[in-house]
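**Student:**
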Amino acid sequence: MINSSLSFFLKKSYPYIIAILCVSIFNIFLLYTNADYRKHIEQLYSQVQFQEALEYQSYSSVVNNARITHSGIKLRDSGMSLLVFFTDRGCPSCIESEILNLQDFYNKHPQNIQAYLLSSNESFTSLYEVNFPLKVINPNETILDEELNFDNPVAILTDSNGMVQNIYVAEVGNKEKSSNFYKRMTSFFNSIH
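Everything in the sequence shown is counted per this note's numbering, starting at -13 for the first residue and increasing by one.
1. What does THR144 pair with, by DSSP beta-bridge criteria?
2. Please report the distance separating the alpha-carbon of LYS60 from that of SER83.
3. Would you be able to state if there are at least three C-beta pairs under 8 Å between the segment 107 to 125 and the segment 145 to 152?
4. State the DSSP-derived secondary structure class of LEU136, mapped to helix, strand or coil.
5. Is ILE4 near the ligand ADP, judged by its Cβ being under 7 Å from some heavy atom?
6. Around the Cβ of GLU41, are there at least 16 other Cβ atoms within 10 angstroms (buried) or fewer (exposed)?
7. Give the DSSP-derived three-state secondary structure of VAL116 in the structure shown.
8. For THR181, which residues of its own chain have a beta-carbon under 8 Å away from its beta-carbon, when the five flanking residues on both sides are left out?
9. State the CB to CB distance for the pair LEU104 and PRO125, rounded to an integer number of angstroms; the pair is presumed to be in contact (CB under 8 Å).
10. Helix, strand or coil for ARG170? Go by DSSP, reduced to three states.
11. For ALA101, count the other beta carbons within 10 Å of its own beta carbon; 16 or more makes it buried, fewer makes it exposed. Which is it?
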């Protein structure tokens, strides 16, 4: 009797058992695939971190030793300043992105920012909606006593002695990097005021 009821149960539930088995195999496949994707994502993440570390290293020697030397740059009497430099030969999308982020930062911390245009073409600013003070300075005079490329927008955090504390260089097509930098600077200046 038990054998016949078990046999009847197995016959009736056979399709359900097969379905459960198939779903279980499919779940195992998905778990394996998910683990494989996760491994790939972790590899990409570590590559990004490595790239950011290399980028930081490329500016670290400048940050550790640099001093503002340009005669057209007036430093604050005390505290930190964010000096932002544009050129008329930088990538237009980088300049647009920086100007948007810089405008927002300037609205929050006008006393902590100075923007400069390295150009002899003062009409360059009319190409963009610049709603913050932008001083045109001599592009032939060096900015720092260390070598740094100023083709794309560059932001330099400096103290009142002109010692460089941090350097940010805009990247073509990387608006998120720009946005994150200005968010960090906003947080920094909020914390010291």
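C-beta atoms are modelled at their ideal positions from N, C-alpha and C, and glycine is treated no differently.
**Tutor:** Quick look at the numbers:
1. The partner list for THR144 (beta bridge, DSSP) reads SER67 and VAL150.
2. Approximately 25 Å, taken between the alpha carbons.
3. The answer is no - the segment 107 to 125 does not touch the segment 145 to 152, with fewer than three Cβ pairs under 8 Å.
4. It should be pointed out that residue 136 corresponds to Phe in this sequence rather than to Leu. Residue state, collapsed to three classes: coil.
5. Looking for the ligand ADP in the displayed structure turns up nothing, as the structure carries no ligands at all.
6. No answer about GLU41 holds up, because its pLDDT of 49 lies below 50 and its placement is not dependable.
7. VAL116 sits in coil when the DSSP states are folded into three classes, being neither helix nor strand.
8. Beyond the ends of the chain as shown, which are -13 and 179, falls residue 181; an answer cannot be given.
9. Contact holds; Cβ gap of about 4 Å.
10. Look at ARG170 here: in three-state DSSP terms it is helix.
11. With 16 or more other Cβ atoms within 10 Å, it is buried.
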